[in-house]
Amino acid sequence: MDFETIPGVGEKTAAALAELDDAERALTDGDVAALARAPGLTEGRAAAIARGAIRRDHDDPGGFLATDRASEIYRDALGLLQARTVTTYAEKRLETLFPTGSASRIEEVRAFAADATDLDPDPDVLAALAGVEPLADPKPRRVRERCLATADAERYAAAKEAFPELSIEVVENGRDIAELARSYSTVVVLDESFAGIDVEGDVRVLPDAAERTDEVVPERLLAFFAANREALQAAAAVHEVAGLDPPCDLAALRDALSRLADDGTVLGDDELERLSNAVDDLDTAVSTAESVANDRLRDVIRERDVTIEGTDFLSLVEQGARVDSLLSRELEDEFDEALAAARNHLVESLSLRPGEADLTERVFPEDPSFPLGHDEDAVGRLRTELKAARDRRAAKLKAGLAADLGHLRDPVETLVRDALELDVRLAVSRFARDFDCVFPEFTGAAGDDGAGSFAIEAGRSPLLDVDFADVDPVDYEVSGVTLLSGVNSGGKTSTLDLVGLVVVLAHMGLPVPAESVRLSRFSELHYYAKSQGTLDAGAFESTLRDFAALTDGAADRLVLVDELESITEPGASAKIIAGILEELAEQGAAAVFVSHLAGGIREAADVSVAVDGIEAVGLEDGELVVNRSPVKDHLARSTPELIVEKLAGENETSFYGRLLEKFD
Numbered sequence: 001m002d003f004e005t006i007p008g009v010g011e012k013t014a015a016a017l018a019e020l021d022d023a024e025r026a027l028t029d030g031d032v033a034a035l036a037r038a039p040g041l042t043e044g045r046a047a048a049i050a051r052g053a054i055r056r057d058h059d060d061p062g063g064f065l066a067t068d069r070a071s072e073i074y075r076d077a078l079g080l081l082q083a084r085t086v087t088t089y090a091e092k093r094l095e096t097l098f099p100t101g102s103a104s105r106i107e108e109v110r111a112f113a114a115d116a117t118d119l120d121p122d123p124d125v126l127a128a129l130a131g132v133e134p135l136a137d138p139k140p141r142r143v144r145e146r147c148l149a150t151a152d153a154e155r156y157a158a159a160k161e162a163f164p165e166l167s168i169e170v171v172e173n174g175r176d177i178a179e180l181a182r183s184y185s186t187v188v189v190l191d192e193s194f195a196g197i198d199v200e201g202d203v204r205v206l207p208d209a210a211e212r213t214d215e216v217v218p219e220r221l222l223a224f225f226a227a228n229r230e231a232l233q234a235a236a237a238v239h240e241v242a243g244l245d246p247p248c249d250l251a252a253l254r255d256a257l258s259r260l261a262d263d264g265t266v267l268g269d270d271e272l273e274r275l276s277n278a279v280d281d282l283d284t285a286v287s288t289a290e291s292v293a294n295d296r297l298r299d300v301i302r303e304r305d306v307t308i309e310g311t312d313f314l315s316l317v318e319q320g321a322r323v324d325s326l327l328s329r330e331l332e333d334e335f336d337e338a339l340a341a342a343r344n345h346l347v348e349s350l351s352l353r354p355g356e357a358d359l360t361e362r363v364f365p366e367d368p369s370f371p372l373g374h375d376e377d378a379v380g381r382l383r384t385e386l387k388a389a390r391d392r393r394a395a396k397l398k399a400g401l402a403a404d405l406g407h408l409r410d411p412v413e414t415l416v417r418d419a420l421e422l423d424v425r426l427a428v429s430r431f432a433r434d435f436d437c438v439f440p441e442f443t444g445a446a447g448d449d450g451a452g453s454f455a456i457e458a459g460r461s462p463l464l465d466v467d468f469a470d471v472d473p474v475d476y477e478v479s480g481v482t483l484l485s486g487v488n489s490g491g492k493t494s495t496l497d498l499v500g501l502v503v504v505l506a507h508m509g510l511p512v513p514a515e516s517v518r519l520s521r522f523s524e525l526h527y528y529a530k531s532q533g534t535l536d537a538g539a540f541e542s543t544l545r546d547f548a549a550l551t552d553g554a555a556d557r558l559v560l561v562d563e564l565e566s567i568t569e570p571g572a573s574a575k576i577i578a579g580i581l582e583e584l585a586e587q588g589a590a591a592v593f594v595s596h597l598a599g600g601i602r603e604a605a606d607v608s609v610a611v612d613g614i615e616a617v618g619l620e621d622g623e624l625v626v627n628r629s630p631v632k633d634h635l636a637r638s639t640p641e642l643i644v645e646k647l648a649g650e651n652e653t654s655f656y657g658r659l660l661e662k663f664d
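Take UniProt numbering: the last position of the sequence shown gets the number 664, and nothing is skipped along the way.
See below:
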């Protein structure tokens with residue numbers, strides 16, 4: 001795959017992606033965790049690359065979220081979804097869902113979401129998901145008891161890269177290999193020319209070592225499974241609780257993991273434990289064996305009737321006097337017994353096998369002496385033999401366990417990925433259930449057949465700062481260009497936000513919070529939030545330039561504008577908004593402009609402009625009572641008019657009546 005065809009991917013990033021074994025699959029699936037394994041890529045960058053690949057594959061130029069407020073609505077929608085994830089992976093994975101005008105991408109996500117909404121977010125499944133996380137490749141750990149050897153410079157360079165855990169040695173002949181065999185428990189020779197070499201030690205000729213990594217360095221595979229133990233066990237539990245069909249034998253996986261220590265060594269082998277303990281306890285055992293022999297000799301000497309008093313003899317001996325001849329002549333049998341006791345203690349305390357026990361013969365010298373000492377060289381030879389036996393046993397066990405785990409390496413990737421993807425799907429299901437969502441119906445591309453439109457029935461916005469159950473449902477339908485009027489705090493901005501949210505979710509391919517929705521497929525959403533105060537001349541000019549660009553080819557765009565009149569004086573605002581609406585109407589665009597100047601704008605416009613109104617039906621205890629659904633073709637009354645009307649009905653004075661007539 002040519003990664004540089006992905007928008008935003010340059011030569012350096014393409015090279016990083018090329019190092020992944022499954023980059024193409026990860027891009028297709030939006031697998032952010034797998035992409036983030038590429039050198040130098042963060043999860044955020046991986047999500048951006050996945051979005052770029054999706055846009056490329058669906059011929060999506062991007063730019064659907066054409067304004068800051070449109071992007072904010074998307075981030076809010078995404079946040080609602082991400083709040084319903086359990087894993088960090090699912091949170092990042094959801095960032096690959098974005099609004100688009102591409103029909104194929106919308107349908108692709110819609111099919112995924114339809115499957116997701118059929119899932120039941122079982123609390124037990126959610127609890128099991130808490131321990132699942134993407135699999136990670138641990139840093140290579142140095143293996144010191146094994147080496148690779150070669151006489152070829154190219155093989156040396158390739159081996160250095162392929163086996164960072166091992167020492168790579170240069171050899172010229174069999175003598176060099178024999179020398180290495182004395183220093184390492186195992187020597188793996190890469191050159192076929194050395195086949196049949198006969199040297200002492202564990203020497204293997206494996207020209208295809210690079211293809212047999214689990215055999216040459218099983219520690220790599222074992223470290224992977226040890227580092228990911230908790231994630232694997234959690235993923236296995238998710239499959240069982242959720243009733244998913246696992247890609248591998250979970251019992252076999254658990255059995256293999258139970259034999260693996262956290263440091264990548266093998267558990268549960270008595271022979272390896274015996275050898276390891278023997279190596280660790282050797283010095284202590286030798287010292288104790290000396291004490292056993294010397295205590296026996298000391299007791300014998302105290303009680304022995306020799307030419308001199310036993311206590312004097314003992315004093316001389318302990319002061320270093322040479323008594324070898326006396327021991328040999330007077331205590332030969334007792335010395336042999338003490339020597340045997342020392343050797344027996346060493347063998348028994350270290351649980352040495354017969355072949356190993358033979359090496360203890362040289363640890364304690366047979367020449368009579370007191371105190372009995374040990375031969376450090378002999379102890380060193382015994383230690384070397386025990387270490388070699390331990391390392392060979394460990395290597396054999398590692399190779400065996402690696403063989404058991406080797407066929408599980410790819411399946412466990414799928415095991416964990418399926419569990420993580422389940423979290424993504426459950427987040428969509430929870431979102432749809434929490435906000436009573438339905439899938440919208442697209443009526444075609446905006447601009448292809450008349451003006452763009454949308455129709456929302458009983459839509460409720462989860463973005464409001466109240467419990468969703470307390471949100472009043474809103475019905476609103478727009479075709480073409482429309483002004484939305486209404487009282488202050490009547491819900492005009494909330495209605496605009498609801499429209500924006502529904503449109504964004506629909507173009508993400510997701511269900512929307514309403515009883516039903518029909519809408520055109522738009523290419524861009526332009527949402528302009530309410531300006532905070534009158535703009536200066538420069539900012540006002542820049543805003544007009546934005547709208548000039550917007551009105552050029554706007555047929556497939558949806559435009560939402562909240563109180564544009566706040567950018568300048570009310571009189572000029574009405575004329576400017578009227579002019580913008582005329583241009584949008586000519587283009588056949590869909591637009592909703594929230595304004596308190598609806599009447600003046602309609603009068604200033606040279607085209608017929610629809611006016612809808614969010615009507616306040618009265619005042620109760622000083623609070624507005626509002627019909628949240630906009631009334632079609634209705635200019636809503638203002639709050640001051642309602643207050644005057646209320647006062648006119650409650651008082652007989654003509655003052656309020658005359659004021660009320662001014663609103664007609």
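Each residue gets a CB set at the ideal place from its N, CA and C atoms; glycine is no exception.
Relative to D423, the option among L297, L119, A14 whose CA is nearest is L119. The residue from T150, L232, F163 with its alpha-carbon nearest to that of E192 is T150. DSSP places R417 within a helical segment (H, G or I) once states are collapsed to three. According to the DSSP assignment, V170 belongs to the beta strand (DSSP E) that extends over 167-170. Buried is the label assigned to K92, since at least 16 other Cβ atoms lie within 10 Å of its Cβ.
P513 and T67 have their C-alpha atoms some 23 Å from each other. Non-local beta-carbon contacts of D59 in its own chain, meaning distances under 6 Å to residues more than five positions away in sequence, are absent.
Setting aside the 5 residues that flank it on each side, L397 is surrounded in the same chain by V266, D269, L272, each with a C-beta closer than 7 Å to its C-beta; the list follows chain order. Residue burial is scored here from C-beta neighbours: F655 has fewer than 16 other C-beta atoms within 10 angstroms and is therefore classed as exposed. Looking only at P511, L221, R259, the smallest Cα-Cα distance to R430 is reached by P511. Taking T551 as reference, the option from E524, D562, L519, V466 with the minimal CA-CA separation is E524. By the neighbour-count criterion, in which 16 or more other beta carbons inside 10 Å mark a residue as buried, M508 falls on the buried side. By a beta-carbon distance limit of 8 Å, S485 does not contact S453. Their separation comes to about 20 Å.
It is roughly 51 Å from the alpha-carbon of I177 to the alpha-carbon of E421.
DSSP places R51 in the uninterrupted alpha helix (DSSP H) bounded by 43-57.
Ranking A572, S167, T482, V143 by CA distance to the CA of L222 puts V143 first.
Within a 10 Å sphere around the beta-carbon of G459 sit 16 or more other beta-carbons, which makes this residue buried.
Separation of P365 and L372 (C-alpha to C-alpha, rounded to the nearest whole angstrom) is 8 Å. For G174, the uninterrupted alpha helix (DSSP H) segment begins and ends at 174-183. Your pair I6 and G52 checks out as a contact, with CB atoms roughly 5 Å apart and the cut at 8 Å. Contact between L190 and L148 holds: their C-beta atoms lie close to 6 Å from each other, under 8 Å. In the three-state scheme derived from DSSP, where H, G and I count as helix and E and B as strand, V607 is classed as coil.
Within the same chain, T360 come within 6 Å of R343 by CB-CB distance, once the 5 residues on both sides are set aside.
H407 counts as exposed, since fewer than 16 other C-beta atoms from the protein chains shown sit within 10 angstroms of its C-beta.
Here L257 is near R229, since their CB atoms are less than 7 Å apart. About 6 Å separates the beta carbon of E165 from that of R220, a gap short enough to meet the 8 Å contact definition.
Taking the C-beta atoms as reference points, V481 is found no nearer than 7 Å to V502. Under the rule that a run must span 3 or more residues, the beta strand (DSSP E) segments found entirely inside the stretch 118-174 read 146-150, 167-170.
Rounded to the nearest angstrom, the gap between the Cα atoms of L558 and A446 is 9 Å. Taken atom to atom, the span from the alpha-carbon of V171 to that of T186 is near 15 Å. By the Cβ rule, the stretch 541-556 counts as touching the stretch 582-594, because three or more pairs are nearer than 8 Å.
Beta-bridge analysis with DSSP links V205 to V189. In terms of Cβ geometry, L17 and A50 do not form a close pair [threshold 7 Å].
Counting every other CB atom within 10 Å of its CB across the protein chains shown gives S595 a total of 16 or more, marking it as buried.
Out of P138, A153, T543, V188, the CA that lies nearest to the CA of D262 is found in P138. Secondary structure within the stretch 518-567: the beta strand (DSSP E) runs of 3 or more consecutive residues, fully enclosed, are 524-528, 557-562 (chain order).
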